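Visitor: Input: one structure, supplied below.
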Amino acid sequence: MPAIHTYGKTERLKSRKRIESLFKTGKRIQVHPLLLIYRLHEELPQPTLQAGVGVRSKQFRKAVDRNRIKRILREAYRLQKEPLRARVLGGQKSLDLFIMYTGQEMPVYADIFTRAGEALRKTMERYGEEP
RNA sequence: UUCCAUAAACCGGCCAUCGCUUUCCUUCGGGAAUGAGGAAAGUCCGGACAGCAUAGAGCGUCGCACCGGUGAAUAGCCGGGUCCGCCUUGGCGGAACAGACAGUGCCACAGAAAAUAACCGUCCCGCACCUGCGGGGUAAGGGUGAAAAUGUGGGGUAAGAGCCCACGUCCCGCCACAGUAAUGUUCCGGGAGGGUAAACCUUGCGUGCUGAAAUGCCACGUAAAUCCCUGGUCCUGGUGUCACCGUUUACGGUGUAGCCAGGAGAUGAAUGACUCGUUGAUCGUUCCGUAAGGGACACGGGGAAGGGUAGGCAGAUUGAUCCCCAUGGGUAACCGUGGGGACAGAUAAAUGAUGGCCUCGCUUUCAGCAAUGAGAGCCAGACAGAAUCCGGCUUACCGUUUAUGGUAUUCA
RNA sequence: GGCCCGUUGGUCAAGGGGUUAAGACGCCUCCCUUUCACGGAGGAAUCACGAGUUCGAAUCUCGUACGGGCUA
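First residue of the first sequence: 0, per numbering that gives the first Met the number 0; consecutive thereafter.
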């Protein structure tokens, strides 16, 4: 039985070009203290789901804090992305995601976990609405 | 024993589940190994390495500044000297410790004056002759200030003054001695007319610039497009096509397109910039005109605006490496020898999440005069995350241990 | 990753060794007015912090903290 709660290199959003266009034209879902940016496209032969996480370095000056937040975000995404992934693989278009932490204080994992789940459910609804 | 300061070392461990990076294996399901620091930080210095086409010299720029050692190093470190400060006579701490007699500038307020000093005072001369006025000498006394022109005593003088003398202080030079040297000590000679070089500057030494987003290769893609500025040829030799002439089919001569080599010159370009030097790209065709000259195309160089890509590999992770033990040299920094061990490599960027247990701590309850014992709670909790790689410096830091110094208390 | 700059009342800021640190807007107090506005007078700065150089530092030098910019 293959592992489903993975987050390897192929599932990460790594292309600088796609990230730029995602920030430029992507749509946003705000679930405080998270900001989820998503964009549908058909640039890849197979419909895939790729995601990245980030924090603004102005809000968290120390690299230790930024690394900690990004790890928490990755963990929350990793454990809850499976329903969305199944929907995208069965659909027509690829989906690029980016989750930003916009809060001012250091996050707690349990809280981020529930918020991220909420944000991903909303994304899945939007994906279903789009033709 | 308590507390404080400084320095050094360490700064959790185990298990389970779900994951990540890299490498290897694979029956492609997966499996095995692997993975943050003493500061990885600040980017304050010094290098390695790479590029800027390229030997070099001078000028400029920038940096450094007691001596010796160490070191890859103009960094840093160790030892010594000089000066300053503190306690006090032996240590501890600090120093951006070349030059103010190369020159220029500045020194507020106060004060006569802040640098070739005459306000008061004092002395001399002239006039007036009851006070005073004018000229000159004088740095002993006064007050101001952060700072006022070498201290004391004597001689000297109209009054004074290093003007002269003696004893001091400081600076410069020479000789001798000690020391590798900085420097110290003694004698002799000369001088003493502030401060500031973290003001400009001078002297000595060093120094090209830019930094892995450097750089090389591959792939993809666009525009071999557009606009502006700018540039320009001769000689020699060889080869050789063609034409003409001589002529015996061979061959020879003359002219000539092209090509090759060499030389000279012109123009532009190349290091932050200038001078020289060096290297080196281009110097072609054609139109109008009698000519001077002008234009077009192509090419070389520079610029503008704009277009495209932003993927991969190398650089790139084992090196002036670090640690431990033994041993040799050295006061030490450090160096040598032998043995053993360790060393991640991402690139929207791995090294994590959750749960449990154990120690270390912290808080607290009970028992006890106290040492301590038992229980409960929090439950690893500081600073902090590699990004080309090294050597330093600086800054941050919970707790434990060790060393040194200080303070307080108890016992002898 | 590399490089450069800044920090002065609440805000914007001048001042680049020398009395008590300009100015504008705003705030507070007082005066003027029946009251408000206008006007007038006054007040509020450890010159980011810590050391050093100097007789004297907002200014010069070094370190620390914070903020900003440039660079494919």
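For glycine and all other residues, C-beta sits at the position ideal for the given N, C-alpha and C.
This structure is a prediction, so every number in the text was calculated from the model and none was measured.
Near F133, what residues of its chain come up, given a Cβ to Cβ distance below 8 Å and the 5 sequence neighbours on each side ignored?
Guide: In the structure as shown, the chain starts at 0 and stops at 130, and residue 133 therefore has no counterpart that could be examined.
Visitor: Who pairs with M99 in a beta bridge, going by DSSP?
Guide: For this step, residue 99 is matched to residue 100 along the first sequence. According to DSSP, which records beta bridges pairwise, M99 is partnered with L34, G53.
Visitor: For V87, is the classification buried or exposed, using 16 other Cβ atoms within 10 angstroms of its Cβ as the cut-off for buried?
Guide: Position 88 of the first sequence holds residue 87. Buried: at least 16 other Cβ atoms inside 10 Å.
Visitor: DSSP three-state label for S14, please.
Guide: Working through the first sequence from its first residue, we reach residue 14 at position 15. Coil at S14, not helix or strand.
Visitor: Quick check: what's the CA-CA separation for F59 versus V30?
Guide: Along the first sequence, read from residue 1 onward, the residue named residue 59 stands at position 60. Along the first sequence, read from residue 1 onward, the residue named residue 30 stands at position 31. Approximately 19 Å, taken between the alpha carbons.
Visitor: Can you tell me whether Q49 sits near the ligand FAD, meaning its C-beta is under 7 Å from at least one heavy atom of the ligand?
Guide: Of the ligands one can find in the structure shown there are none, so the ligand FAD has no counterpart to examine.
Visitor: Express the C-alpha separation of L33 and K92 in angstroms, rounding to a whole number.
Guide: As a position in the first sequence, residue 92 is number 93, starting the count at 1. As a position in the first sequence, residue 33 is number 34, starting the count at 1. Whole-angstrom Cα-Cα distance: 24 Å.
Visitor: According to DSSP, simplified to helix, strand and coil, what is K80?
Guide: On the first sequence, position 81 is the one that residue 80 refers to. Of the three classes helix, strand and coil, the one that applies to K80 here is coil, per DSSP.
Visitor: Alpha carbon to alpha carbon, how far is K61 from H40? Give it in angstroms, no decimals.
Guide: In the first sequence, counting from the first residue as 1, residue 40 sits at position 41. In the first sequence, counting from the first residue as 1, residue 61 sits at position 62. Whole-angstrom Cα-Cα distance: 35 Å.
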